[in-house]
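A.B. asks: Sequence order for the protein chains is A and B.
Position one of the first sequence corresponds to residue 22 (our numbering), numbered consecutively onward.
Position one of the second sequence corresponds to residue 22 (our numbering), numbered consecutively onward.
Think of the CB as a built atom: it goes at the ideal place given N, C-alpha and C, for glycine as much as any other residue.
There are 2 protein chains.
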Amino acid sequence: MESENPNVKKFQKEMMSGIAALVLLSVLDQSDTPLYGYQITRNLEKENQKIQLMKLGALYPVLRSLEKSGLLSSQVEPSFSGPPRRYYAITAEGHAMLQEWQAIWQQTSLFVNSILEGK
Amino acid sequence: MESENPNVKKFQKEMMSGIAALVLLSVLDQSDTPLYGYQITRNLEKENQKIQLMKLGALYPVLRSLEKSGLLSSQVEPSFSGPPRRYYAITAEGHAMLQEWQAIWQQTSLFVNSILEGK
């Protein structure tokens, strides 16, 4: 779902930039092995066939920022089919942070829904 | 819920900046009369007694930005008990935009929940 309206775009961009870190940490937390960018996007698309909420290009800055914060670690591995790939894995700190972020997400989404419903 | 951890703070701030516009438009859409800043915060606190997700100071830049985009209009009225107050009301354009934003919110929160549940 892509809107042409600049107000909607701004809203969508801001909301997604906050949520992206949560979503990426969660995908890596659920994976048994480290994943590289394209694999992560594929995992996201499985959940989300019609809406491409996260483009691959938007993914990398978030991954780098999460690694800089110590929540992810990464390692470059050679590939048979192209350039080397950077594989990301969640750290113990990232796992602990994810629990906290999930709690914030639950509270926030309940809050937003209660406002939208105008109870 | 205020965290001391800078990673959590960053996440919370980004997520809320995107959601703030949605929440404010929705509160004004549900009000029969224009509201000033403090009344809006009071309405938010009713829903949300323990968590103060939106501080009054964080509210004003969002209100101004929504007005600049034509989604809100405002008018200054004198007050008996203090300085004049700026009352905000939603515009027809804001009402239409809110419908679109609500749909995006529903899709996004479903998406995030499906990722967190790891279905």
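Taking the straight line between their C-alpha atoms, what separation do you get for B:V83 and A:G103?
C.D. replies: One C-alpha to the other measures close to 46 Å.
A.B. asks: I'd like the span of the beta strand (DSSP E) that includes B:S8, first residue to last.
C.D. replies: Since the first and last residues shown for chain B are 22 and 140, residue 8 of chain B lies out of range.
A.B. asks: Could you check which residue in B:K34, B:W122, B:Q96 has the C-alpha nearest to that of B:G20?
C.D. replies: With chain B represented from 22 up to 140, any question about residue 20 of chain B goes unanswered, as that position is not in the structure.
A.B. asks: Along the alpha helix (DSSP H) that carries B:T141, what are the first and last residues, could you check?
C.D. replies: An answer regarding residue 141 of chain B cannot be provided, because it is not within the stretch 22 to 140 covered by chain B.
A.B. asks: Excluding the 5 residues flanking B:L119 on each side, which residues of the same chain have their C-beta closer than 7 Å to its C-beta?
C.D. replies: Excluding residues within five positions, the ones whose Cβ falls inside 7 Å are L46, S47, D50.
A.B. asks: If you compare alpha carbons, which of A:E88, A:S130, A:G91 is closest to B:Q123?
C.D. replies: Selected option, being the one with the closest Cα: A:S130.
A.B. asks: Output yes or no for whether 8 Å exceeds the beta carbon distance between A:E98 and A:R85.
C.D. replies: Cβ distance not < 8 Å, so A:E98 and A:R85 don't count as in contact.
A.B. asks: Under 8 Å by Cβ, that's how I've got B:E121 and A:G39 pegged, so tell me the actual separation to the nearest angstrom.
C.D. replies: Rounded, the Cβ-Cβ distance is 19 Å, inconsistent with contact.
A.B. asks: Tell me the rounded alpha-carbon separation between B:I136 and A:L65.
C.D. replies: Near 8 Å, if we compare the C-alpha coordinates of A:L65 and B:I136.
A.B. asks: In the DSSP assignment, find the alpha helix (DSSP H) that holds A:S102 and state where it starts and stops.
C.D. replies: Here A:S102 belongs to no alpha helix (DSSP H), and DSSP marks it neither H nor E.
A.B. asks: Within 8 Å of any Cβ in chain A, is that where the Cβ of B:I111 sits?
C.D. replies: Not closer than 8 Å to any Cβ of chain A, the Cβ of B:I111 fails to qualify, so no.
A.B. asks: Based on Cα-Cα distance, which residue from B:Q127, B:A79, B:E114 lies nearest to B:Q33?
C.D. replies: Considering only alpha carbons, the answer is B:A79.
A.B. asks: For a contact meaning CB atoms closer than 8 Å, what does B:I61 contact in chain A?
C.D. replies: Result: empty, since nearest Cβ-Cβ is about 11 Å, beyond 8 Å.
A.B. asks: Can you find the residues in the same chain that come closer than 8 Å, C-beta to C-beta, to B:P27, ignoring five residues on each side of it along the sequence?
C.D. replies: Same-chain partners within the cutoff: there are none.
A.B. asks: Can you tell which of B:S100, B:R63, B:T112 has the C-alpha that lies nearest to the C-alpha of B:L87?
C.D. replies: Considering only alpha carbons, the answer is B:T112.
A.B. asks: Starting from B:D53, trace the alpha helix (DSSP H) both ways and give me its first and last residue.
C.D. replies: First-last for B:D53: undefined, no H or E at that position.
A.B. asks: As a quick exercise: from A:I125, A:K89, A:L93, pick the residue whose alpha carbon is nearest that of B:V29.
C.D. replies: Among A:I125, A:K89, A:L93, the Cα nearest to that of B:V29 belongs to A:I125.
A.B. asks: Tell me which residues share the same chain as A:G115 and place their Cβ nearer than 8 Å to its Cβ, disregarding the 5 neighbours each side in the sequence.
C.D. replies: Answer for A:G115: L46, L49, D50, L87, G91, L92, L93, listed in chain order.
A.B. asks: Taking 8 Å as the threshold (beta carbon to beta carbon), is A:A79 in contact with chain B?
C.D. replies: Not an interface residue.
A.B. asks: With H, G and I counted as helix, E and B as strand and the rest as coil, what does DSSP make of A:Y39?
C.D. replies: What sits at residue 39 of chain A in the sequence shown is Gly, not Tyr. Looking at A:G39 - three-state DSSP - the assignment turns out to be helix.
A.B. asks: Taking A:F101 as the query, report the chain B residues whose CB atoms sit under 8 Å from its CB, ordered along the chain.
C.D. replies: Correct list: empty, because the minimum Cβ distance to chain B is about 29 Å.
A.B. asks: Could you check how far apart the C-beta atoms of A:A110 and A:P55 are, in whole angstroms? I think they sit under 8 Å.
C.D. replies: Going by Cβ atoms, the distance from A:A110 to A:P55 rounds to 4 Å, so yes, they are a contact pair.
A.B. asks: Beta-carbon of B:E35 versus every beta-carbon of chain A: anything under 8 Å?
C.D. replies: Answer yes: the Cβ-Cβ gap between B:E35 and chain A drops below 8 Å somewhere.
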